[in-house]
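For reference, the structure discussed in these notes is given below.
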Amino acid sequence: MAQVSQLPCDGDGICMLCKAKPSDLETITCKTCVTPWHVACLSNPPETLASTLQWDCPDCSSPPGDVPLPPPTAPSSHLVAAIRAIEADAFLTDRQKAKKRQELLTGNSHSDKDDRDATNRKSLIGDDVLELFDERLNCSFCMQLPERPVTTPCGHNFCLKCFQKWIGQGKNTCAKCRCVIPSKMASQPRINSTLVVAIRMAKMSKSIVSGGPQKVYHFVHNQNRPDKAYTTDRAQKKGKANAASGKIFVTIPSDHFGPIPAENDPERNQGVLVGECWEDRLECRQWGAHFPHVAGIAGQSSNGAQSVVLSGGYQDDEDHGEWFLYTGSGGRDLSGNKRTSKDQSFDQKFEKSNKALQVSCLKGYPVRVVRSHKEKRSSYAPEKGLRYDGIYRIEKCWRKVGIQGFKVCRYLFVRCDNDPAPWTSDEHGDRPRALPAIPELKKATDITERKEGPSWDFDEKDSRWKWSKPPPTSKKPVETEDSASGKRSRRKVRQSQNMSVREKLLKEFSCLICREVMTLPITTPCAHNFCKSCLEGAFVGKTFLRERSSGGRALRSQKNVMTCPCCPTDISDFLQNLQVNRELLDVIESLKSKIEEGDTSEKLCEEGTDGEEEGKECSSPVGVETRKRAKVVADGGEENGVGGDGDDSPSSPLHVDDLE
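Residue numbers for the sequence shown, in our numbering: 763 to 1422.
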């Protein structure tokens, strides 16, 4: 990498070259990008006082050299003229000017009519929450809400694709503040799950405000379960190595195909939702997402496969989120007690579990997919435990020579679920998509493709995925349960539905340590969010370096490893210079202020309606919602405290358990 000779001042006013903080008289501002620079560190500072008014920084000025630049072509002249016209428009704010410049340079500019239509749609919907997000969380590259957001250690948010494209160009600094991005994050960025859920809820608020059906992607986390996995006196090992499965909470047979609906969930009456997480495989089994607690494939060679788990067991696996390449089972010597052997010693064949996957491919059956935190090579794996990611369909299967030199069975899984994936901010589920190009098919053998129509297909009339053919008949018994124990869980779901949109969004921005709304939010390179004080308090008394000595001699200092409170990632370098996520802080403060304004208007409405006719409603949207909730409580008589507190409400699909 070439040595950087000139750098501007950062957001705190500190020169990034000499590390000093110059005064206002010692800095100069670029007229194009409005970036402050330290005059003493410039190789070619302005010579006169008048030239400082029209000074361009080294990044915005022409490159040095004796060779004159070629004259601009006609399109470039039009581009410059268009940019000058945008800058001269006095009716545009600085943010609107930046957005129009970005659209002009990327070729994605919209007409004024499109802008007016978008404005009219927003005004008709009345979605101030989405507009609040759009103003503060836009990606700096595409100027849209981040798709699969990635947060840099300096506190700036980008789309995953935009970030990877930026890194792919060899630029290892933040596009906003020029701070250096750690190499580990550049090679494998982590999606900020908190922003994913918040953006999705903000988009869903449009349909809620307009009176559409309300979808809640919350679920009651299985932390108050009456039954858990247990060990008996015959257990030979501690922990859950020899544990027996706890109670099965869903009323489905073990060979059930497709999603688990609400009618099969007497405990909560909501089914298994996309994004639901479990601590381990035994807990995942209790909710029916994947019944085998060791095997990665659940199925029968005669009927087909019902579910699979992505746990990083094979190096050949490739995970791309909406589709992935899955490696079959077998090919390893597991004789005796070699359960953990990772070396392949013979070829895999389409038999047993591999045959079950092949049958599901030929029939087009839906397959439930669970991702495990053990898959370290994927950007879509959960931080810990297991997560249900929805329904996939096997489109092709084949055999090829794997990395270890033996043939493996390969399967192309493509997502086809009615609910959005946990890593996207989409409002709807999947739509039929073209199959991706698979280069390894050129050297593959035993290629199997479906010749008839799939059993699980997309209905254009209903715009949803459903059974196009009768599902296969179950051959396993079903254990029924008493549904009385699920009243409390269903009450929690109703309480969360009665919360306002702003309250739900604000609750998503909670610290993973104190469980309260974040103050001065910090986003770690591993995409976890904490209060600044909580994160600093977790490492009180620890030093970054450990002094060593031996025999009276001082040895080289050793770096102390400081792991993230939620994962084993070392964040010691990040802790030395904590940067507050200002974009996230602005969103939190704006949500708080809007909630306070709503509470104030609600009180005024209640005072103004004293003595008036019964049933007259307040004009404030928040006041209307609160009064309706109060009326439901008064009429129902069984719901106490609708809205609940933070401890009783269900968590998000990407919820992390309380730290001990």
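Cβ coordinates follow ideal geometry from the N, Cα and C atoms, glycine included.
Reference residue i, options the options, closest by Cα
{"i": "Gln-931", "options": "Thr-914, Ser-949, Glu-1351", "result": "Ser-949"}
{"i": "Gln-1077", "options": "Phe-920, Val-1342, Ser-1091, Gly-1066", "result": "Ser-1091"}
{"i": "Ile-1284", "options": "Pro-915, Met-963, His-1135", "result": "Pro-915"}
{"i": "Gly-1061", "options": "Thr-810, Glu-1113, Lys-923", "result": "Glu-1113"}
{"i": "His-1082", "options": "Ser-1141, Glu-1345, Lys-1000", "result": "Ser-1141"}
{"i": "Val-912", "options": "Val-958, Met-905, Glu-897", "result": "Val-958"}
{"i": "Gln-768", "options": "Thr-789, His-800, Leu-787", "result": "His-800"}
{"i": "Ala-802", "options": "Leu-1347, Leu-787, Pro-1182", "result": "Leu-787"}
{"i": "Ala-1433", "options": "Cys-941, Cys-1288, Val-1129, Glu-1029", "result": "Given that the chain is displayed from residue 763 to residue 1422, the structure contains no residue 1433 and the question cannot be resolved."}
{"i": "Glu-1214", "options": "Pro-1330, Lys-1231, Ala-843", "result": "Lys-1231"}
{"i": "Trp-1185", "options": "Thr-956, Phe-895, Tyr-1088, Thr-810", "result": "Thr-956"}
{"i": "Leu-1337", "options": "Asp-821, Glu-1189, Arg-1344, Lys-1294", "result": "Lys-1294"}
{"i": "Val-1036", "options": "Gly-1074, Ile-1357, Pro-1144", "result": "Pro-1144"}
{"i": "Lys-1136", "options": "Asp-1109, His-1018, Lys-1266, Arg-1043", "result": "Arg-1043"}
{"i": "Arg-1030", "options": "Ala-964, Phe-1011, Phe-1086", "result": "Phe-1011"}
{"i": "Cys-1273", "options": "Arg-1315, Cys-1328, Asp-821", "result": "Cys-1328"}
{"i": "Ile-1333", "options": "Lys-862, Lys-783, Met-947, Asn-919", "result": "Met-947"}
{"i": "Ile-1059", "options": "Lys-1111, Gln-864, Tyr-1088, Gly-1033", "result": "Tyr-1088"}
{"i": "Gln-1032", "options": "Thr-1013, His-1018, Cys-901, Ser-1312", "result": "Thr-1013"}
{"i": "Ile-1200", "options": "Cys-1159, Ile-1165, Asp-1224", "result": "Cys-1159"}
{"i": "His-1018", "options": "Phe-1053, Cys-792, Asp-896, Asp-851", "result": "Phe-1053"}
{"i": "Val-1132", "options": "Cys-941, Phe-1086, Lys-1117, Met-966", "result": "Phe-1086"}
Contact check, residue i vs residue j, beta carbons under 9 Å
{"i": "Cys-939", "j": "Gly-775", "result": "no"}
{"i": "Val-1170", "j": "Val-1176", "result": "no"}
{"i": "Leu-1353", "j": "Phe-1271", "result": "yes"}
{"i": "Ser-945", "j": "Asn-934", "result": "yes"}
{"i": "Pro-1234", "j": "Gly-1126", "result": "no"}
{"i": "Ala-860", "j": "Phe-903", "result": "no"}
{"i": "Cys-1123", "j": "Tyr-1154", "result": "no"}
{"i": "Cys-819", "j": "Thr-794", "result": "yes"}
{"i": "Pro-1015", "j": "Lys-1237", "result": "yes"}
{"i": "Arg-1172", "j": "Glu-1202", "result": "yes"}
{"i": "Ser-1115", "j": "Ala-1196", "result": "no"}
{"i": "Glu-1041", "j": "Leu-1148", "result": "yes"}
{"i": "Asn-1026", "j": "Gly-1008", "result": "no"}
{"i": "Arg-1310", "j": "Gly-917", "result": "no"}
{"i": "Glu-1278", "j": "Ala-1183", "result": "no"}
{"i": "Lys-990", "j": "Glu-1045", "result": "yes"}
{"i": "Gly-1074", "j": "Arg-1139", "result": "yes"}
{"i": "Asp-1208", "j": "Arg-1161", "result": "yes"}
{"i": "Ala-960", "j": "Leu-1347", "result": "no"}
{"i": "Thr-1281", "j": "Thr-1331", "result": "no"}
{"i": "Leu-1174", "j": "Pro-1194", "result": "no"}
{"i": "Leu-907", "j": "Leu-894", "result": "no"}
Buried versus exposed, by CB contacts within 10 Å (16 or more), residue i
{"i": "Pro-1023", "result": "exposed"}
{"i": "Ser-885", "result": "Because the pLDDT at Ser-885 is just 44, under 50, the model does not fix this residue reliably, and the point stays unresolved."}
{"i": "Arg-1094", "result": "buried"}
{"i": "Gln-1120", "result": "buried"}
{"i": "Ser-1069", "result": "buried"}
{"i": "Gly-1373", "result": "The predicted model places Gly-1373 with a pLDDT of 48, which falls under 50 and marks its position as unreliable, so this point remains unresolved."}
{"i": "Cys-777", "result": "buried"}
{"i": "Gly-1191", "result": "buried"}
{"i": "Gly-1167", "result": "exposed"}
{"i": "Ser-1187", "result": "buried"}
{"i": "Phe-853", "result": "exposed"}
{"i": "Lys-1228", "result": "exposed"}
{"i": "Glu-1038", "result": "buried"}
{"i": "Val-982", "result": "At Val-982, the pLDDT of 34 sits below 50, so the modelled position is not reliable; the number obtained from the coordinates is stated separately. It is buried - the Cβ of Val-982 has at least 16 other Cβ atoms within 10 Å."}
{"i": "Lys-1096", "result": "One detail in the question is off: residue 1096 reads as Leu in this sequence, not Lys. It is exposed - the Cβ of Leu-1096 has fewer than 16 other Cβ atoms within 10 Å."}
{"i": "Ser-1134", "result": "buried"}
{"i": "Asn-1291", "result": "buried"}
{"i": "Lys-781", "result": "exposed"}
{"i": "Pro-988", "result": "Its pLDDT being 44, under 50, Pro-988 is placed unreliably in this model, and the coordinates cannot settle the point."}
{"i": "Glu-1358", "result": "exposed"}
{"i": "His-840", "result": "exposed"}
{"i": "Lys-1269", "result": "buried"}
{"i": "Arg-1264", "result": "buried"}
{"i": "Val-796", "result": "exposed"}
{"i": "Ala-1289", "result": "buried"}
What runs of the beta strand (DSSP E), each 3 residues or longer, lie entirely inside the region 1290-1322?
The qualifying runs are 1291-1293, 1307-1312, 1315-1321.
Per the contact definition of three or more C-beta pairs closer than 8 Å, is the region 844-860 in contact with the region 917-930?
By the Cβ test, the region 917-930 is not in contact with the region 844-860, since fewer than three Cβ pairs between them sit closer than 8 Å.
Taking 8 Å as the threshold, find out whether the region 1319-1326 comes into contact with the region 1288-1308 through three or more Cβ pairs.
Counting Cβ pairs under 8 Å, three or more are found: they touch.
Can you check the region 778-820 for any beta strand (DSSP E) of at least 3 residues that lies completely inside it and give the ranges in chain order?
Taking only runs of at least 3 residues, the beta strand (DSSP E) segments lying wholly in the region 778-820 are 789-791, 798-800.
Enumerated in chain order, which unbroken segments of the beta strand (DSSP E) with a length of 3 residues or greater are wholly contained in the region 1152-1195?
As for any beta strand (DSSP E) of minimum length 3 sitting wholly inside the region 1152-1195, the runs are 1169-1177, ordered along the chain.
Whole runs of the alpha helix (DSSP H) within the region 904-962, excluding any shorter than 4 residues:
The region 904-962 contains these whole alpha helix (DSSP H) runs: 922-930, 945-949.
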